[in-house]
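**Student:** Using this note's numbering, read the sequence shown as starting at 12 and increasing by one per residue. Submitted below is the structure of interest, expressed as C-alpha cells.
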Amino acid sequence: MGKRKRKHQKTSFPWMVEEENLFIAKTGNEIVTDAGWEKISFEEARKLFSPETFQEWYELFLENTDISEILSESNVDIDLDDESAIDNFLQRSNWTPKQVNLVVAKAIYKNHAWVRALLISTPDVEEPYFQNYEMEAIRLGVQLRKYIKEDIPVINDCKNAVRHLHGRYALIGWQPRNCVTAAHNLKISQATKVYNELLWDEDWVDECDSLISESRQSARK
C-alpha cells in the first residue's frame, strides 16, 4: 500500500496578510486605540512604574541627555571631561527633570476611556520601536473589549501593528488616522481608568493564555 501524503497546513505570517484584509469599515460601534506621548511631571511619572523600572529608565535617560544642559540649569561649573566629578554631582544633587514625556497606550469606547502607561520617553532609543507601542494600544483595546463583554472590532491606525496581531486576536483592524482621533486626543486627566505598570501586570491575561487555562481545567474534569 502506498503511503498517504501528509497534508501540510499553510503557515500565515504577519507580513503575508493582504492590506485589504487589515481594513475594517467604520460602523461607529468599535473600540478605537492609539499610542502617543503626554508630557507630565517627573513625580507623577514616577508613581506609574516600579522602582526597578524607574531606575533603569533614569540611567538610560542620563546616558542620552546633554550633561552640559543639566550643569547649566543647576548653575554648576564642572569640567565636562571630568567624569568622576560629574558622577559625584549627579549622585549628590539627585537631579531630575521637571517634566517628562510619557509613552501611553489609549483605548476608547463610549464612556470608557482607558490609558496605560508604557514607559517614560527616551526618544533616541524608542522611536524605531513605536510600532510596538501601537500593538500595546491594541492589547489595551482587547482588554477593554473583555471588560465590556461586547463582540466588537478593535481599531488602530498603524497597519504594521494590526498586521502583526491580526492572527492572534479576533476582530482587530486598521482604519486611517482620522478614525482614531478620539483616542489620539485622550489625556490621562480625562481617562476613566489608568493602568500603571503593576495594575496592568495583575490584570492582563493574553487570550491565548486564557484558552490554554480553560483547556487544562477541562482536561482535569
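All C-beta atoms in this analysis are idealised placements derived from N, C-alpha and C, irrespective of residue type, glycine included. No experiment lies behind these values; they were computed from the predicted model shown.
Where does L33 sit, in a helix, a strand or coil, going by DSSP?
**Tutor:** If DSSP states are grouped into helix, strand and coil, L33 belongs with the helices.
**Student:** Quick one: measure Cβ to Cβ for Y158 and V114, integer angstroms, because I've assumed they're closer than 8 Å.
**Tutor:** Between V114 and Y158 the Cβ distance is about 23 Å, and since that is not below 8 Å, they are no contact.
**Student:** Identify whether M146 lies in helix, strand or coil by the three-state DSSP scheme.
**Tutor:** M146 falls in the helix class under three-state DSSP.
**Student:** Given a threshold of 16 other Cβ atoms within 10 Å of its Cβ, counted over all protein chains shown, does P139 qualify as buried or as exposed?
**Tutor:** P139 is exposed by the Cβ-count criterion.
**Student:** Whole angstroms is fine: what's the gap from L155's alpha carbon to A118's?
**Tutor:** Near 8 Å, if we compare the C-alpha coordinates of A118 and L155.
**Student:** From K198 to I131, what distance separates their C-alpha atoms?
**Tutor:** If you take the alpha carbons of K198 and I131, they lie about 15 Å apart.
**Student:** Return the residue from the list E41, T192, R150 and K58 that minimises the CA-CA distance to Y180.
**Tutor:** Minimum Cα distance to Y180 is reached at R150.
**Student:** Report, in whole angstroms, the separation of the C-beta atoms of A56 and E147, which I expect to be a contact under 8 Å.
**Tutor:** Rounded, the Cβ-Cβ distance is 17 Å, inconsistent with contact.
**Student:** Can you tell me which of E63, K170 and V43 puts its alpha carbon nearest to the alpha carbon of L209?
**Tutor:** Minimum Cα distance to L209 is reached at E63.
**Student:** Contact check, V165 vs T44 under 8 Å by CB: the rounded distance?
**Tutor:** At roughly 6 Å, the Cβ-Cβ gap stays under 8 Å, so V165 and T44 are in contact.
**Student:** Below 8 Å on the Cβ atoms is my contact criterion, and I expect D168 with Q186 to pass it. Report the Cβ-Cβ distance as a whole number of Å.
**Tutor:** With 8 Å as the limit, D168 and Q186 qualify as a contact, their Cβ atoms being about 6 Å apart.
**Student:** So what does DSSP say about D45, is it helix, strand or coil?
**Tutor:** Strand, per DSSP.
**Student:** Which value, in whole angstroms, describes the spacing of the CA atoms of E54 and N32?
**Tutor:** Distance between the alpha carbons of E54 and N32 is about 43 Å.
**Student:** Quick check on V216: buried or exposed, where buried means 16 or more other Cβ atoms within 10 Å of its Cβ?
**Tutor:** So V216 counts as exposed.
**Student:** Work out the CA separation of D90 and H177 for me, nearest whole Å.
**Tutor:** Approximately 53 Å between the Cα atoms of the pair.
**Student:** Only counting the same chain, and skipping five residues up and downstream in sequence, which positions put a Cβ closer than 7 Å to that of F100?
**Tutor:** For F100, where only same-chain residues beyond five positions count, the Cβ hits under 7 Å are V87 and I89.
**Student:** With a Cβ-Cβ cutoff of 7 Å, do A124 and T203 count as a contact?
**Tutor:** Contact flag set, yes.
**Student:** Tell me which residues share the same chain as A194 and place their Cβ nearer than 6 Å to its Cβ, disregarding the 5 neighbours each side in the sequence.
**Tutor:** Excluding residues within five positions, the ones whose Cβ falls inside 6 Å are V43, T44, D45, K117 and I119.
**Student:** Should R103 go down as buried or exposed, given a rule of 16 or more other Cβ atoms within 10 Å for buried?
**Tutor:** Flag for R103 reads exposed.
**Student:** Start and end of the beta strand (DSSP E) containing N196?
**Tutor:** Careful: N196 lies outside any beta strand (DSSP E), inside the alpha helix (DSSP H) at T192 to N196.
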